[in-house]
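Here the structure is laid out as structure tokens; the discussion comes afterwards.
Number of protein chains: 2
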Amino acid sequence: MASDQPLGLLEGMATTRSIRRFRPDPVPVTDLNTMLWHATRAPSGSNRQSFRFVVLRDGPRAVQARALLGEAFRAEWADKRRLDGYGTGSGSDPGSRKGRMAATMQQFVDRFEQTPVVVLATNVRHRAPHVTDGASVYPACQNLLLAARALGYGGVITMWHALVEPQLRACLDIPDEVMLAATIAIGRPEGHHGPVRRRPLGELVYEDGWEQPAPWAEDPPGTRFTGAGPASLRRGTP
Amino acid sequence: MASDQPLGLLEGMATTRSIRRFRPDPVPVTDLNTMLWHATRAPSGSNRQSFRFVVLRDGPRAVQARALLGEAFRAEWADKRRLDGYGTGSGSDPGSRKGRMAATMQQFVDRFEQTPVVVLATNVRHRAPHVTDGASVYPACQNLLLAARALGYGGVITMWHALVEPQLRACLDIPDEVMLAATIAIGRPEGHHGPVRRRPLGELVYEDGWEQPAPWAEDPPGTRFTGAGPASLRRGTP
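The listed protein sequences derive, respectively, from chains A and B. First residue of the first sequence? That's 1 in my numbering, and the numbers climb one at a time after it. First residue of the second sequence? That's 239 in my numbering, and the numbers climb one at a time after it.
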């Protein structure tokens with residue numbers, strides 16, 4: 001950051017992009033500690049603090065786990081790239097949004113094992129799995145990404161660990177009653193943070209009932225819109 | 239905030255407490271808009287932006303929905319207060335942590351209908367319910383709470399809408415394929431924000447495998463610890 005002022009809370013949220021291309025710079029453990037400490041300030045059900053973060057750097061099992069993930073990601077992306085036509089139409093233009101997304105994804109999976117830090121976010125269950133269990137771990141994941149941003153790093157959440165979940169559990173000794181909530185890649189961004197693209201606010205906010213417009217919901221001047229991204233992204237790109 | 243500087247990103251995360259006691263001040267729609275805009279900057283699966291926020295202020299259905307929620311919360315809290323012994327042991331001392339928690343909860347449920355703003359966070363499903371669905375909505379909920387904090391408000395997430403979910407869906411016309419992710423109460427805090435209490439970081443962060451210590455994980459000087467809160471809180475207090 002150029003300024004001496006710390007990044008503001010609102011500005012930080014508005015400019016934290018998903019980062020999938022990383023510089024090779026290592027992440028000092030002091031920074032990692034700061035990120036995880038802020039992650040764990042997030043709320044959780046009954047303040048039970050059921051979130052646990054398994055950090056994968058260069059330990060022997062971390063190397064195995066990263067290899068498992070990397071291989072799975074590459075296979076999945078190769079399938080998706082083909083099935084979703086990333087090599088055809090606008091996807092064949094490297095300057096198009098779709099083309100740039102494809103190049104970014106390719107680099108993310110190709111270099112996954114070299115990601116400076118991989119954090120596996122988990123949640124220790126206290127009951128049978130429920131669709132709202134994530135309320136106790138995803139707020140902390142968001143804090144982790146925001147804290148990374150505050151320190152000049154960036155990251156992305158992916159769910160593609162699900163492709164090799166049994167192997168990953170075996171490799172890292174993660175018990176069955178623990179939910180694998182997210183794989184979070186973190187490092188110094190090759191690209192830049194900046195404003196994110198979202199649907200117009202009026203499509204996301206209702207008042208007094210489902211699909212009832214909130215007349216006051218509007219984007220500040222200069223907000224960049226988007227739809228849901230290329231159609232091909234709607235099926236599970238991390 | 240006393241200072242002219244905006245609240246910093248890291249400081250904001252470290253000092254956003256769950257707020258359950260609100261001053262009656264209304265929340266201007268410009269502030270509500272700013273909060274929800276920042277909420278929607280959060281990531282979601284494939285940037286699908288499947289989160290939708292239903293704002294409940296003083297519209298006719300909002301009033302009904304708040305009454306449904308308030309009644310259910312009061313009944314649930316009355317049961318819990320009794321079953322979990324909030325009137326006995328340290329709970330009978332109004333100055334104890336348990337006693338203060340009980341008083342706060344009592345006020346939260348007693349005045350729920352007067353909560354300045356209630357936001358129902360929802361997620362439009364694109365597949366059968368899955369335990370990781372929350373990855374597309376709870377990061378936005380966390381941003382909402384942080385943005386509230388940045389503007390001098392506070393809030394709390396509760397899951398107790400589950401007690402009256404069918405009635406709430408009927409009242410607000412929320413389709414079955416939409417997940418009710420969280421009820422978030424927002425207003426000007428009666429109390430104060432400040433450092434949160436969490437377990438020592440070393441209990442929450444592992445490296446290279448489940449329950450393997452991360453030797454570098456340590457709380458900064460001055461961090462206040464806690465266990466998981468009073469035992470009686472472990473069964474689902476919002």
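Even glycine gets a Cβ: it sits at the ideal position worked out from N, Cα and C. Please read all numbers here as calculations on a predicted model, not as lab measurements.
Checklist entry - Count the other CB atoms within 10 Å of the CB of A:P139; is the residue buried (16 or more) or exposed (fewer)? => result When all chains shown are included, A:P139 counts as buried.
Checklist entry - If you check the beta carbons only, do B:R279 and A:V196 fall under 8 Å apart? => result Cβ atoms of B:R279 and A:V196: closer than 8 Å.
Item to check | Minimum Cβ-Cβ distance from B:H276 to chain A less than 8 Å | outcome: At a cut-off of 8 Å between C-beta atoms, B:H276 counts as an interface residue with respect to chain A.
Next on the checklist: For chain A, check one thing: does any of its Cβ atoms lie closer than 8 Å to the Cβ of B:A280?
Outcome noted: Contact of B:A280 with chain A is assigned, a C-beta pair being separated by under 8 Å.
Next on the checklist: Which residues in chain A have a C-beta closer than 9 Å to the C-beta of B:R290? List them in chain order.
Outcome noted: Correct list: E203, L204, V205, Y206, W210 and E211.
Checklist entry - Mind checking whether B:V443 and A:F53 have CB atoms under 8 Å apart? => result Taking C-beta atoms as the reference points, B:V443 and A:F53 count as a pair closer than 8 Å.
Checklist entry - In angstroms, rounded to a whole number, what distance separates the CA positions of A:H193 and A:S46? => result Their backbone Cα atoms lie some 34 Å apart in a straight line.
Next on the checklist: Beta-carbon within less than 7 Å of A:P200's beta-carbon, same chain only, minus the 5 sequence neighbours each way: which residues are those?
Outcome noted: Only D219 and F225 meet the Cβ criterion.
Checklist entry - Of the choices A:S96, A:D133, A:D110 and A:H126, whose alpha-carbon is the least far from that of A:A75? => result Cα-wise, what sits closest to A:A75 is A:D110.
Checklist entry - Comparing the C-beta of A:Q114 with each C-beta of chain B, is any distance below 8 Å? => result For A:Q114, not one C-beta of chain B is nearer than 8 Å to its own C-beta.
Checklist entry - From B:G323 to B:D331, what does the alpha carbon distance come to, in whole angstroms? => result Approximately 12 Å, taken between the alpha carbons.
Item to check | As assigned by DSSP and simplified to three states, the class of A:T34 | outcome: In this structure, A:T34 counts as helix in the three-state DSSP scheme.
Checklist entry - Thinking C-alpha only, which one of B:A252, B:R319, B:W448 and B:M397 is nearest A:T122? => result Ranking B:A252, B:R319, B:W448 and B:M397 by Cα distance to A:T122 puts B:W448 first.
Checklist entry - So who's on the other strand from B:V356, going by DSSP bridges? => result Per DSSP, B:L294 and B:A423.
Item to check | Cβ-Cβ distance between A:A150 and A:L36 below 8 Å | outcome: With respect to the 8 Å criterion, A:A150 and A:L36 are not classified as neighbours on the basis of their beta carbons.
Next on the checklist: Give me the DSSP bridge partner(s) of A:I157.
Outcome noted: A:I157 pairs with A:I184.
Item to check | Cα-Cα separation between B:H364 and A:L120, rounded to whole angstroms | outcome: For B:H364 and A:L120, the distance between alpha carbons rounds to 24 Å.
Checklist entry - Roughly how many whole angstroms lie between the Cα atoms of B:T478 and A:V63? => result For chain B, the structure presents residues 239 to 476; residue 478 of chain B sits outside this window and is missing.
Checklist entry - Within the 8 Å Cβ cut-off, does B:G297 reach chain A? => result Residue contact check for B:G297 against chain A: a CB pair falls below 8 Å.
Next on the checklist: What does the alpha-carbon distance come out to for the pair A:G202 and B:L270?
Outcome noted: Roughly 13 Å separates the two Cα atoms.
Checklist entry - Is A:Y153 near A:R188, with beta carbons less than 8 Å apart? => result Cβ distance < 8 Å, so A:Y153 and A:R188 count as in contact.
Checklist entry - Between B:P413 and chain A, is there a C-beta pair that is closer than 8 Å? => result For B:P413, the closest Cβ of chain A is nearer than 8 Å.
Checklist entry - Name the chain A residues that come within less than 9 Å of B:T326, Cβ to Cβ? => result Per Cβ cutoff of 9 Å: no residues; B:T326 is ~20 Å from chain A at best.
Checklist entry - Name the chain A residues that come within less than 7 Å of B:T370, Cβ to Cβ? => result Under the 7 Å cutoff, chain A gives G134, M159 and A181.
Checklist entry - What distance in whole Å lies between the Cβ atoms of A:L144 and A:I174, which are believed to be in contact at a cut-off of 8 Å? => result At roughly 18 Å, the Cβ-Cβ gap does not stay under 8 Å, so A:I174 and A:L144 are not in contact.
Checklist entry - So, does the CB of A:V55 fall closer than 8 Å to a CB anywhere in chain B? => result It does; some Cβ of chain B falls within 8 Å.
Checklist entry - For the alpha helix (DSSP H) that A:E165 lies in, which residues bound it at each end? => result Where A:E165 is concerned, the enclosing alpha helix (DSSP H) stretches over E165 to L172.
Checklist entry - Using a C-beta cutoff of 8 Å, does B:A452 count as contacting chain A? => result Answer yes: the Cβ-Cβ gap between B:A452 and chain A drops below 8 Å somewhere.
Checklist entry - Going along the segment 252–263 of chain B in order, which residues come within less than 9 Å of chain A, judged by CB to CB distance? => result Result list: A252, T253, T254, R255 and S256.
Item to check | Spatial neighbours of B:A385 in its chain, beta-carbon cut-off 6 Å, leaving aside the 5 residues before and after | outcome: Excluding sequence neighbours, B:A385 sits near M273 and H276.
Checklist entry - For chain B, is any of its Cβ atoms less than 8 Å away from the one on A:Q49? => result Chain B, which has a Cβ nearer than 8 Å to the Cβ of A:Q49, makes this yes.
Checklist entry - Using CA coordinates, which residue listed in A:G87, A:R61, A:D133 and A:A103 is at the minimum distance from A:Q49? => result Selected option, being the one with the closest Cα: A:D133.
Next on the checklist: I want to verify the contact list: residues of chain B whose CB lies under 9 Å from the CB of A:Q106, in sequence order.
Outcome noted: One finds nothing in chain B with a Cβ atom closer than 9 Å to the Cβ of A:Q106; even the nearest lies about 17 Å away.
Next on the checklist: Could you check whether the Cβ of B:A385 sits closer than 8 Å to any Cβ belonging to chain A?
Outcome noted: At a cut-off of 8 Å between C-beta atoms, B:A385 counts as an interface residue with respect to chain A.
Item to check | Candidates B:G329, B:E249 and B:P281, of which the one nearest B:Q344 by Cα | outcome: Shortest Cα-Cα distance from B:Q344 to any of B:G329, B:E249 and B:P281 involves B:G329.
Checklist entry - Taking the DSSP output, what are the residues bridged to A:N123? => result Bridge partners of A:N123 according to DSSP: A:F51 and A:M179.
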